[in-house]
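Below you'll find the structure, written out as structure tokens, and then a few comments.
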Amino acid sequence: MTEHPRQVTDDQLLTNLLGGNMSTVSLNGLSHAYENTVSPSVHPFNLFIDDGEFLVLYGPSGSGKSTILRMLHGLEAPKTGTILIDGNDVTHAAVNDRDVTLALESYALYPHMSVRDNLGFALRVDGLPAEEIRDRVESVTSKIGLRDILDDVPGDLSALQRQTIALARAVVRQPKVLIMDEPVVNLVPEHQADTLRLVKDLQQEFGLTTLYATANLEDAKVLGDRIAFLDHGRLIGVEKPEVAEALVASISDVDS
Ligand SMILES: Nc1ncnc2c1ncn2[C@@H]1O[C@H](COP(=O)(O)OP(=O)(O)OP(=O)(O)O)[C@@H](O)[C@H]1O
Numbered sequence: 001m002t003e004h005p006r007q008v009t010d011d012q013l014l015t016n017l018l019g020g021n022m023s024t025v026s027l028n029g030l031s032h033a034y035e036n037t038v039s040p041s042v043h044p045f046n047l048f049i050d051d052g053e054f055l056v057l058y059g060p061s062g063s064g065k066s067t068i069l070r071m072l073h074g075l076e077a078p079k080t081g082t083i084l085i086d087g088n089d090v091t092h093a094a095v096n097d098r099d100v101t102l103a104l105e106s107y108a109l110y111p112h113m114s115v116r117d118n119l120g121f122a123l124r125v126d127g128l129p130a131e132e133i134r135d136r137v138e139s140v141t142s143k144i145g146l147r148d149i150l151d152d153v154p155g156d157l158s159a160l161q162r163q164t165i166a167l168a169r170a171v172v173r174q175p176k177v178l179i180m181d182e183p184v185v186n187l188v189p190e191h192q193a194d195t196l197r198l199v200k201d202l203q204q205e206f207g208l209t210t211l212y213a214t215a216n217l218e219d220a221k222v223l224g225d226r227i228a229f230l231d232h233g234r235l236i237g238v239e240k241p242e243v244a245e246a247l248v249a250s251i252s253d254v255d256s
């Protein structure tokens with residue numbers, strides 16, 4: 001199975017040459033095994049995610065998606081391999097030293113804080129100046145129609161608005177890498193479509209390098225620039241959404 005290199009635009013080349021803030025991810029020979037288990041949860045694999053790319057990890061339950069995200073986040077140590085972000089080896093770096101942000105579900109919002117304070121909280125902890133916090137919060141909220149509810153608390157809002165804020169709270173940090181682990185799986189169907197659209201819009205608007213785990217092929221096709229197919233802890237292939245169906249069919253043939 002071939003891995004399609006993404007076309008590097010003139011802008012990206014220029015940014016590279018100028019030593020700009022690129023956010024590439026290289027996973028090299030990465031594997032994982034949970035303690036006291038017989039077979040590895042993730043077999044060794046290589047994967048490169050380009051700056052600003054939306055990469056979907058797709059596979060059934062137990063295929064290794066969460067474990068890969070947890071290694072990238074710093075919550076699980078790999079058994080083998082390295083993790084490079086912008087060429088820097090972060091394989092053994094602490095969670096807070098790798099600039100990877102996990103978008104949490106809406107129940108993780110602080111219930112007593114206004115939307116504005118929820119969005120700015122992590123930025124204050126990071127020590128950003130008040131002016132920059134205000135600018136970032138306004139920039140994100142104006143793009144997603146949240147400005148009118150900045151002074152409300154989560155309990156006053158709809159489930160969809162809360163979900164939107166939870167996503168915005170990750171984006172406002174402008175992380176090098178944004179990760180999401182099945183963020184729509186617990187939402188009612190009508191909110192799932194809206195949330196997927198929002199995820200894609202925010203990712204494109206802010207050009208965030210993103211890894212997104214899902215067991216839903218339709219979601220993977222809507223969201224991904226490329227889809228990484230996982231099966232029983234193995235990376236089977238990395239393809240554009242257009243050829244996803246054919247690859248899934250070939251995996252099913254092999255499995256049956
Ligand atoms: N804490 C753990 N201890 C032992 N084995 C685990 C643990 N967490 C996951 N596993 C195993 O590791 C493998 C990969 O699981 P993982 O959760 O990464 O898959 P997934 O594709 O994200 O599935 P799901 O969406 O159901 O979480 C599975 O075989 C799973 O049973």
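Residue numbers for the sequence shown, in UniProt numbering: 1 to 256.
Virtual Cβ for every residue (Gly too), placed ideally from N, Cα, C.
One thing to note: Thr209 has its Cβ within 8 Å of the Cβ of Val177. By the criterion of a C-beta distance shorter than 6 Å, Pro78 is surrounded in its chain by Leu30, His32 and Met71, once the five residues flanking it on both sides are discounted.
The Cβ atoms of Ile83 and Thr91 lie closer than 8 Å to each other.
Listed in chain order, the beta strand (DSSP E) elements of length 3 or more contained wholly in the stretch 224 to 253 are 226 to 231 and 234 to 239. Put simply, the stretch 33 to 50 does not touch the stretch 137 to 156. Fewer than three CB pairs are less than 8 Å apart. Note on Ser61: under 16 other CB atoms within 10 angstroms of its CB, so exposed under the neighbour-count rule. Ligand 1 never approaches Gly237 closely enough for any of its heavy atoms to be under 7 Å from the residue's Cβ. Leu217 sits in a helix when the DSSP states are folded into three classes.
Non-local C-beta neighbours of His112 in its own chain, meaning closer than 7 Å and more than five positions away in sequence, comprise Val153, ordered along the chain.
Taking non-hydrogen atoms of ligand 1 into account, the C-beta of Thr67 is found less than 7 Å away from one of them. Between the C-alpha atoms of Arg162 and Arg169 there is a straight-line separation of about 10 Å.
Closer than 7 Å to some heavy atom of ligand 1: that does not describe the Cβ of Tyr212. Each residue's CA atom was taken as its position, placing Pro189 and Leu196 some 11 Å apart. Glu105 has its Cβ no nearer than 7 Å to any heavy atom of ligand 1.
Look at Ser63: its beta carbon is less than 7 Å from one of the heavy atoms in ligand 1. Its Cα nearest to that of Arg116, the residue Leu150 stands out among Asp99, Leu150 and Val95. With a beta-carbon spacing of about 7 Å, Glu239 and Arg226 fall inside the 8 Å limit used to define contacts. Taking all protein chains shown into account, Asp148 has fewer than 16 neighbouring C-beta atoms within 10 Å of its C-beta and is therefore exposed. The shortest C-alpha to C-alpha distance from Ala103 to any of Thr80, Gln174, Asp135 and Val125 is the one to Gln174. With respect to Tyr58, Leu230 sits close: the two C-beta atoms are nearer than 8 Å.
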